[in-house]
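To keep things clear, I will list the structure first and then write my remarks on it.
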Amino acid sequence: MRKTKFLIIGQGLAGTLLATELWKQNADFLVLDNPSPEAASQVAGGAFIPIVFRTLKKAEMIDDYLPALKNTYGFFENLTGSRFFHLVPSLKLFPKDDIPKWQQAKDSAAGTFITDLKESLNLPGIKPEFGGAVIEPSGWVDIKMLTALMGEWFLENNLLIQEKLDYSMIEFEKDGVVINSSIRAEKIIFCEGASAIKNPWFKNAGFSLNKGEIIDIEASGISDEYILRSEVFVLPLGKKTFRVGATYDRNNIDNNPSPAGKQQLLQKLQYFLDTPVSVRSHWAGIRPSVKDRKPLLGAHPEMLRLNIFNGLGSKGVLFAPYWAAKMAAFLLHGEALPDMVNVNRYFKS
Ligand SMILES: Cc1cc2nc3c(=O)[nH]c(=O)nc-3n(C[C@H](O)[C@H](O)[C@H](O)COP(=O)(O)OP(=O)(O)OC[C@H]3O[C@@H](n4cnc5c(N)ncnc54)[C@H](O)[C@@H]3O)c2cc1C
1 MRKTKFLIIG QGLAGTLLAT ELWKQNADFL VLDNPSPEAA SQVAGGAFIP
51 IVFRTLKKAE MIDDYLPALK NTYGFFENLT GSRFFHLVPS LKLFPKDDIP
101 KWQQAKDSAA GTFITDLKES LNLPGIKPEF GGAVIEPSGW VDIKMLTALM
151 GEWFLENNLL IQEKLDYSMI EFEKDGVVIN SSIRAEKIIF CEGASAIKNP
201 WFKNAGFSLN KGEIIDIEAS GISDEYILRS EVFVLPLGKK TFRVGATYDR
251 NNIDNNPSPA GKQQLLQKLQ YFLDTPVSVR SHWAGIRPSV KDRKPLLGAH
301 PEMLRLNIFN GLGSKGVLFA PYWAAKMAAF LLHGEALPDM VNVNRYFKS
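Going by our numbering, the sequence shown opens with residue 1, and the numbers climb by one from there.
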């Protein structure tokens, strides 16, 4: 029987970052993951931005999130010797009439992240009627690459078992929890992403899943100086290829790329592009979103050996580094979690 203090279920972005926080503090842990090419971390765009475009305000807690983000992804790049954290300025496109609104934002607290306002752009591939705001820092993380490399690293260090957890194979004993009659853990931390809606203990923790679709395109007429942003993001991947995402669909919760999703992405591109594009690939996945759009951290109110780190929604790249460290501090040192992220909020009657 393999014994461990913390058993993490799932090695997507959440499980990977939490496991690494535990490893940094020499904690005893094991990860159990059923690798799935459809998991959110395998299909995500991975983009992050410090401003909320709807309100033109700083994103909530961004001053906490950004240092954690830079440290964490920088740490992973050093550990693996690979590059998957790309700092690229974003160019938010807007009709020229919106300049006063953006000038106001530049003069507000959000202005620290608006490094330039351009009334006209003169950028290849963009319709002349658009102006733009340059936003920094911004960029994207290749989450698929990060989780693949860290999966190899966990395997090499005997810290990962690639197997599916069957909930009916969990036995609760006085001094721990036994899984598949082969692993005994003091605590389980569920990091299952959208699959958590099947978890008998946490399925009612406020999940409100939402499907996203993404396309990769080839377009020789677009500059790769910026991540272009309008209603979609356009991430430059090099060699004149770009990743375009993403749709939001709360009604069709499945992993199937749809003709309607592709059409929607192309229409949103045509709104500001005046150059042809050809679609190279198209895929879909499910975001582990929560009703109040806040992460889910902490212990089950009655089954204290069962914990969760989930609810990263559409902002996993930004949320995960900061909250993985808080979750580790909760598990290792009993540090209290803020009410706004504590999973308890969904167990109160
Ligand atoms: C189309 C799309 C676009 C996105 N774009 C962005 C973006 O631009 N920026 C951004 O920040 N975020 C984006 N996201 C969100 C981001 O992908 C998620 O927030 C994040 O990846 C969630 O990570 P996770 O580890 O919680 O879940 P997951 O990535 O789903 O990982 C869960 C893991 O647990 C495993 N698992 C589940 N159940 C079990 C079980 N019973 N036994 C063993 N293993 C199990 C799964 O197989 C998987 O490996 C996007 C998501 C989608 C779908």
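Note that the Cβ used here is the ideal one computed from N, Cα and C, for glycine as well.
Quantities reported herein were computed from a predicted structural model and do not represent experimental measurements.
How would you call residue i, buried or exposed, if buried means at least 16 neighbouring beta carbons within 10 angstroms?
i: P321; result: buried
i: Y73; result: buried
i: N122; result: exposed
i: M150; result: buried
i: K279; result: The question names Lys, but residue 279 in the sequence shown is Val. It counts as exposed.
i: E173; result: exposed
i: T275; result: exposed
i: L367; result: Residue coverage of the chain in this structure runs from 1 to 349, which leaves residue 367 outside it and unanswerable.
i: P67; result: exposed
i: D339; result: exposed
i: E21; result: buried
i: Y65; result: buried
i: Y226; result: buried
i: R287; result: buried
i: G285; result: buried
i: D33; result: buried
i: P352; result: As shown, the chain starts at 1 and ends at 349. That puts residue 352 outside it, with no answer to give.
i: K164; result: exposed
i: L146; result: buried
Any heavy atom of ligand 1 closer than 8 Å to the beta-carbon of residue i?
i: I214; result: yes
i: L318; result: yes
i: R2; result: no
i: A40; result: yes
i: E192; result: yes
i: I9; result: yes
i: D254; result: no
i: E163; result: yes
i: W23; result: no
i: A246; result: yes
i: A260; result: no
i: A68; result: no
i: S314; result: yes
i: P50; result: no
i: A328; result: no
i: T16; result: yes
i: W363; result: Nothing about residue 363 can be reported from this structure: the residues present for the chain run from 1 to 349 only.
i: S36; result: yes
i: P288; result: yes
i: A44; result: yes
i: A284; result: yes
i: F233; result: yes
i: A370; result: No information on residue 370 is available, as it lies outside the stretch 1 to 349 that the chain covers here.
i: I195; result: One point to set straight first is that residue 195 is Ser, not Ile, in the sequence displayed. Yes, Cβ of S195 sits closer than 8 Å to a heavy atom of ligand 1.
i: D292; result: no
i: I357; result: Any answer about residue 357 is impossible in this case: the structure gives the chain only from 1 up to 349.
i: D64; result: no
i: Y73; result: no
i: K211; result: yes
i: L13; result: yes
i: Y167; result: yes
i: L32; result: yes
i: I143; result: yes
Thinking residue i and residue j are a contact (beta carbons under 8 Å), I'd like their distance in whole angstroms, please.
i: Q11; j: L160; result: 6 Å
i: A205; j: I308; result: 7 Å
i: I135; j: I49; result: 6 Å
i: Y248; j: N210; result: 6 Å
i: R2; j: L30; result: 7 Å
i: K92; j: R229; result: 5 Å
i: V341; j: W323; result: 7 Å
i: P352; j: F347; result: The structure shown does not extend to residue 352, since the chain is modelled only from 1 through 349, so no value can be given for it.
i: K240; j: A219; result: 6 Å
i: F130; j: F233; result: The Cβ separation is near 15 Å, so there is no contact.
i: S208; j: K291; result: 5 Å
i: I188; j: I9; result: 6 Å
Consider the C-beta atom of residue i and the heavy atoms of ligand 3; say whether any pair is separated by less than 8 Å.
i: I308; result: As for ligand 3, it is missing from this structure, which binds only ligand 1.
Are any of the Cβ atoms in chain C nearer than 9 Å to that of residue i?
i: L66; result: Looking at the structure shown, chain C is missing, and only one protein chain is on hand.
Subject >> Contiguous alpha helix (DSSP H) assignments of at least 4 residues, all confined to the region 11 to 37 >> reply: 13 to 24
**OP:** Could you tell me which uninterrupted alpha helix (DSSP H) segments, each at least 4 residues in length, are contained entirely in the region 99 to 124, listed from first to last along the chain?
**Re:** 99 to 106
**OP:** Report the residue ranges of all alpha helix (DSSP H) runs contained in full by the region 169 to 239; include only those spanning at least 4 residues, in chain order.
**Re:** none
Original post:
At which residue ranges does the region 255 to 321 contain complete alpha helix (DSSP H) runs of 4 or more residues, listed in the order of the chain?
Top reply: 259 to 270
**OP:** Could you tell me which uninterrupted beta strand (DSSP E) segments, each at least 3 residues in length, are contained entirely in the region 57 to 101, listed from first to last along the chain?
**Re:** 85 to 87, 90 to 95
**OP:** Report the residue ranges of all alpha helix (DSSP H) runs contained in full by the region 119 to 165; include only those spanning at least 4 residues, in chain order.
**Re:** 143 to 156
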